[in-house]
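Undergrad: Residue numbers (this note's numbering): 1109 to 1367. Every residue, glycine too, gets a C-beta built ideally from N, C-alpha and C. A quick note: this is a predicted structure, and the numbers were derived from the prediction, not measured. Here it is, the structure in full.
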């Protein structure tokens, strides 16, 4: 049974990938590592901007749900996060506008190196992210949030893979948050970066709604399961999951560069 030129079987397969993407993304980020390649493989007839726009609309549904669940359990500093949200959204829109005009392949070796360093640092620092001991307050926290939002927001709008993991690592290693608080802030800023990019892709007609809506529902279900598991198991569990997901992203980037 085709939906336009997409079969129901393909849609069901993609929904399964979306569920697992939402599950992983809710815990440590990196859901794009699953959902985006699946869309590229099963929908090769569509242009890259259309695939990215569809992916972002589907994934932001789960991210919004995960963010709302974390906010009910984790205390959020809104004086810090609101300016960071604005910076993230603005720079994500700038990144989205450049997505078709620059060669993203030049970024891959740089991102691969950064991810390897993130993995090594997190692995060696056994207590990293297990205690919630913020290092910055007031104006320093605000400026740090603005810089984090601007840099990683632009990256997410332009390229994206590993955005959630980079956010979590930044909040854990630089700001001194535990993995649960870092995941909560990461989800909020992920939403902020995705929504302007989605608006841009929708305005240019680069979203397949018949694909994005069912994948979004599957993403939400996976997100609910993942968030509840993370909140139940705590920061130590999230740290292990973080190491696994970053390792998987490194393998993916290494394969892309080698190919």
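1. Give me the residue from 1140, 1178, 1177 and 1179 with the minimum Cα distance to residue 1162.
2. If you run the structure through DSSP and keep just helix, strand and coil, what is residue 1115?
3. Report yes if the CB atom of residue 1114 is closer than 8 Å to the CB atom of residue 1319, and no otherwise.
4. Go through its chain and collect everything with a Cβ distance to residue 1261's Cβ below 6 Å, but skip five positions before and after it.
5. Can you check which of these residues, 1120, 1177, 1166 and 1146, is closest to residue 1289 by C-alpha distance?
6. Taking the beta carbon of residue 1335 as the centre, do at least 16 other beta carbons fall within 10 Å, making it buried, or is it exposed?
7. Verify whether the separation of the beta carbon atoms of residue 1331 and residue 1136 is less than 8 Å.
8. Within a Cβ cutoff of 6 Å, which residues of the same chain sit near residue 1309, ignoring the five residues on either side of it in sequence?
9. Looking at the unbroken alpha helix (DSSP H) that takes in residue 1233, where does it start and where does it end?
10. Where does residue 1187 fall in DSSP's three states?
11. Assuming residue 1192 contacts residue 1253 (C-beta within less than 8 Å), just tell me the rounded distance between them.
12. Let me confirm a value: residue 1286 is counted as buried when at least 16 other C-beta atoms fall within 10 Å, else exposed. Which label applies?
13. Could you tell me which of 1339, 1328, 1346 and 1150 sits nearest to residue 1180, measuring between CA atoms?
14. Return the chain-ordered list of same chain residues with a C-beta closer than 8 Å to the C-beta of residue 1243, the five sequence neighbours on each side being excluded.
15. How would you label residue 1248, buried or exposed, when you count the other beta carbons within 10 angstroms and need 16 or more for buried?
16. Looking at the structure shown, is residue 1128 part of a helix, part of a strand, or coil, going by DSSP?
17. Within this structure, are the beta carbons of residue 1125 and residue 1143 separated by less than 8 Å?
18. Let me make sure I understand the geometry here. Which of 1361, 1351, 1165 and 1362 has the alpha-carbon closest to that of residue 1233?
19. Rank 1364, 1277 and 1313 by C-alpha distance to the C-alpha of residue 1348 and give the top, closest one.
20. So the alpha helix (DSSP H) residue 1331 belongs to, where does it begin and stop?
21. Going by CA-CA distance only, name the one from 1275, 1251 and 1328 that's closest to residue 1166.
22. I'd like the list of long-range same chain contacts for residue 1182, defined as Cβ closer than 7 Å, with 5 residues on each side in sequence excluded.
23. Taking 8 Å as the cut-off, decide whether the C-beta atoms of residue 1358 and residue 1223 are in contact.
24. Between the alpha carbons of residue 1257 and residue 1305, how many angstroms are there, rounded?
25. Tell me whether residue 1227 is buried or exposed, calling it buried when 16 or more other Cβ atoms sit within 10 Å of its Cβ.
26. Between which two residues does the alpha helix (DSSP H) harbouring residue 1141 extend?
TA: The relevant details are as follows:
1. 1140
2. strand
3. yes
4. 1196, 1199, 1200 and 1301
5. 1177
6. buried
7. no
8. 1161 and 1315
9. Where residue 1233 is concerned, there is no enclosing alpha helix (DSSP H), given that its DSSP letter is neither H nor E.
10. helix
11. 3 Å
12. buried
13. 1339
14. 1282, 1283 and 1284
15. exposed
16. helix
17. yes
18. 1351
19. 1277
20. 1317–1341
21. 1328
22. 1288, 1289 and 1292
23. yes
24. 14 Å
25. buried
26. 1140–1150
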